[in-house]
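Trainee:
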């Protein structure tokens, strides 16, 4: 009898693993075909910068793959016996109680986040050009009540499409900036603006803990938060104005709300959170492909999910995005034109290509142990979905991580690591939980299994742990902003008629923020001083302000 049950469970695990693989294949093929179709649409509109023939060939290839994957998935759905949700979620190898969340270790998770996110925000890290752009939009909203980029002297650009960070981030940051009237462009303003991002990351850590704790326990949840914090880019995003961390926080909030009992309101609340995630970072709209694959996976496994469970979140998400678009339209902004312009600008990230691996793989290999930890976490999530209790939040997060990893590897040039952070953070999230489970299993394992589990724990946790310690030392000691504050103060003291120029693009954008002066950007570094223009040149980690050359 026991042997029969064991064989049945193994068969169920194999069936679930095959269904998961099919759902992933369908997701990736469908996205690749849709992305190629978008490029063809741009070519039809006359806005494509990519040869339509290349996109057409890829669309034909991936459309065929999508059709095959969809046919196999549909066949499995027909063969699956529809069962009640209770029976589906009860078919497990190990049933873990999920009715109660253990909160006792949440303060430890928040303390770890606070120690990395809040100290010395005005000094580390330096303000990158994109962050300076986002901060300038928030400053304009705080100082001039204008949601856009630019300066009073040069004019404003309402709802600038380049500002990819949305209102759920910009508005609270602007409110924090409004409290810095005595220091409108100095360290206090930067610290208060970035403190909002640190709070957002704290919310992300709390929601990540709340996602794992009900099913895997408090220890696994704490380990998952710590590993997520140790992943490349996490501390940086916790201390800077970008939309990735807030978007992931809203996604987790939506998944938690979606899991609540009820018919309509939990779904609407989940959809509203998903819509806010899209507003925080526009590339989150691509999450429709992972969500669709999760729906297919559930039906292949025999889970007869009601359409209302999926329709209400979709309605809530579309309502939030539509409300923001309506507000922009009311302000006489061309929403459709801006969306089309954004699609045309980033169309190079929609064409599948193996050539991308020449750039993306070296970027991943810069920190191979962190990548190994993330992949171990994704493997643990896949194993959990196949052999243990099914959890929709785990399924959605797993699909999201796989999707963004695939997109980053085969569609982007790999020069923006932030685009990979979703996969790294989610992988680290599950990697920490896997490490904790392996550590807890050492005590009751055989000698050989103890050795294997110990090697796994050390190999996954050691490198991210050492990385987190090194990052903490940098956070508490580095000062990357002193030179920027100094040169910005000097520029503010110049006469209003003075013309400032520099060949350093990051400095030009930062001066727009800190000195509230427009700096002319030069293509090449001049060999000497310029007539009628103040020149700023970089000298190592400092800047030198050169007065205009004397003219005869």
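In our numbering, the protein residues as written are 1289 to 1840.
Think of the CB as a built atom: it goes at the ideal place given N, C-alpha and C, for glycine as much as any other residue.
Using beta-carbon positions only, say whether residue 1499 and residue 1543 come within less than 9 Å of one another.
Mentor: Taking 9 Å as the Cβ cut-off, residue 1499 and residue 1543 qualify as a contacting pair.
Trainee: Would you mind working out which of 1330, 1514, 1361 and 1441 sits nearest residue 1310, comparing C-alpha positions?
Mentor: Comparing Cα positions, the closest option is 1361.
Trainee: Taking 9 Å as the cut-off, decide whether the C-beta atoms of residue 1809 and residue 1830 are in contact.
Mentor: The answer is no: Cβ separation not under 9 Å.
Trainee: Hey, how far is the Cα of residue 1804 from the Cα of residue 1785?
Mentor: C-alpha separation (whole angstroms): 14 Å.
Trainee: To the nearest angstrom, how far is the alpha carbon of residue 1652 from that of residue 1306?
Mentor: So the alpha carbons of these two residues sit roughly 28 Å apart.
Trainee: Are three or more beta carbon pairs between the segment 1405-1424 and the segment 1526-1538 nearer than 8 Å?
Mentor: Touching, yes, given that three or more Cβ pairs across the two stretches are closer than 8 Å.
Trainee: Apart from the five residues on each side of it in sequence, which residues of its chain come closer than 7 Å, Cβ to Cβ, to residue 1382?
Mentor: Only weak support exists for where residue 1382 lies, its pLDDT of 41 falling under 50; the value from the coordinates is given anyway. Same-chain partners within the cutoff: 1676.
Trainee: Please name the residue in 1564, 1401 and 1622 whose C-alpha comes closest to that of residue 1763.
Mentor: Nearest of 1564, 1401 and 1622 to residue 1763, Cα basis: 1401.
Trainee: For residue 1823, which residues does DSSP report across the bridge?
Mentor: Paired residue(s): 1789 and 1834.
Trainee: So is residue 1631 in contact with chain C if we call contact Cβ pairs under 9 Å?
Mentor: Reference to chain C is not applicable here, since this structure consists of a single protein chain.
Trainee: Along the chain, where does the beta strand (DSSP E) that runs through residue 1899 open and close?
Mentor: Outside the displayed range of the chain (1289 to 1840) lies residue 1899, so it cannot be described from this structure.
Trainee: Distance check for residue 1729 and residue 1625, CA to CA, integer angstroms please.
Mentor: Distance between the alpha carbons of residue 1625 and residue 1729 is about 56 Å.
Trainee: Using only CA atoms, which one of 1724, 1457, 1699 and 1827 lies nearest to residue 1321?
Mentor: Minimum Cα distance to residue 1321 is reached at 1699.
Trainee: Would residue 1824 be called buried (16 or more neighbouring beta carbons within 10 Å of its own) or exposed?
Mentor: Under this definition residue 1824 is a buried residue.
Trainee: Give me, in chain order, the residues of the same chain whose beta-carbon lies closer than 7 Å to that of residue 1279; leave out the 5 immediate sequence neighbours on both sides.
Mentor: Within the shown structure, residues of the chain are numbered from 1289 to 1840, placing residue 1279 beyond reach of any answer.
Trainee: Excluding the 5 residues preceding and the 5 following residue 1535 in the sequence, name in chain order all residues of the same chain whose CB lies nearer than 7 Å to its CB.
Mentor: Once the five neighbours on either side are set aside, the close Cβ partners of residue 1535 are 1565, 1568, 1569 and 1572.
Trainee: How would you call residue 1650, buried or exposed, if buried means at least 16 neighbouring beta carbons within 10 angstroms?
Mentor: So residue 1650 counts as exposed.
Trainee: In its own chain, which residues sit with a C-beta less than 7 Å from the C-beta of residue 1585, not counting the 5 before and 5 after it?
Mentor: Excluding positions up to five away in sequence, the list reads 1307, 1308, 1311 and 1683.
Trainee: Which term fits residue 1595, buried or exposed, when burial requires 16 or more other beta carbons within 10 angstroms of its beta carbon?
Mentor: With fewer than 16 Cβ atoms within 10 Å of its Cβ, residue 1595 is classed as exposed.
Trainee: For a test of the three-state rule: what should DSSP assign to residue 1583, helix, strand or coil?
Mentor: Of the three classes helix, strand and coil, the one that applies to residue 1583 here is helix, per DSSP.
Trainee: Let me make sure I understand the geometry here. Which of 1316, 1357, 1323 and 1448 has the alpha-carbon closest to that of residue 1623?
Mentor: When each option's Cα is compared against that of residue 1623, the closest is 1448.
Trainee: State yes or no: is the C-beta of residue 1644 within less than 9 Å of the C-beta of residue 1701?
Mentor: Yes, they are a contact pair.
Trainee: Determine the contact status of residue 1508 and residue 1665, defining contact as a CB-CB distance below 9 Å.
Mentor: Their beta carbons are not under 9 Å apart, which means residue 1508 does not touch residue 1665 by this criterion.
Trainee: Would you mind sorting residue 1341 into buried or exposed? The rule is 16 or more other CB atoms within 10 Å of its CB.
Mentor: Burial call: exposed.
Trainee: Taking only three categories from DSSP, how would you classify residue 1645?
Mentor: Helix, per DSSP.
Trainee: Between the alpha carbons of residue 1842 and residue 1654, how many angstroms are there, rounded?
Mentor: Nothing about residue 1842 can be read from this structure; the chain reaches only from 1289 to 1840.
Trainee: So for residue 1445, helix, strand or coil by DSSP?
Mentor: Of the three classes helix, strand and coil, the one that applies to residue 1445 here is strand, per DSSP.
Trainee: Assuming residue 1567 is part of the alpha helix (DSSP H), what are its boundary residues?
Mentor: Note, residue 1567: alpha helix (DSSP H), 1553-1568.
Trainee: How would you call residue 1619, buried or exposed, if buried means at least 16 neighbouring beta carbons within 10 angstroms?
Mentor: The residue is exposed, with fewer than 16 neighbouring Cβ atoms inside 10 Å.
Trainee: What span of residues does the beta strand (DSSP E) with residue 1733 cover, start to end?
Mentor: Looking at the DSSP string, residue 1733 is not in any beta strand (DSSP E), and its letter there is neither H nor E.
Trainee: Between which two residues does the beta strand (DSSP E) harbouring residue 1808 extend?
Mentor: Looking at the DSSP string, the run of the beta strand (DSSP E) that includes residue 1808 is 1807-1809.
Trainee: Which runs of the alpha helix (DSSP H) at least 4 residues long sit entirely within the segment 1604-1658? Give them in chain order.
Mentor: If we require 4 residues or more, the alpha helix (DSSP H) runs fully inside the segment 1604-1658 come out as 1623-1633 and 1645-1653.
Trainee: Spatial neighbours of residue 1597 within its chain, please: CB distance less than 7 Å, with the 5 preceding and 5 following residues excluded, ordered by chain position.
Mentor: 1555, listed in sequence order.
Trainee: Report the three-state DSSP secondary structure of residue 1591 (helix, strand or coil).
Mentor: Residue 1591 falls in the strand class under three-state DSSP.
Trainee: Are residue 1727 and residue 1708 touching if we call contact CB-CB under 9 Å?
Mentor: No. Outside cutoff.
Trainee: Near residue 1578, what residues of its chain come up, given a Cβ to Cβ distance below 8 Å and the 5 sequence neighbours on each side ignored?
Mentor: Closer than 8 Å at Cβ, skipping near neighbours: 1315, 1684, 1687, 1688, 1690 and 1691.
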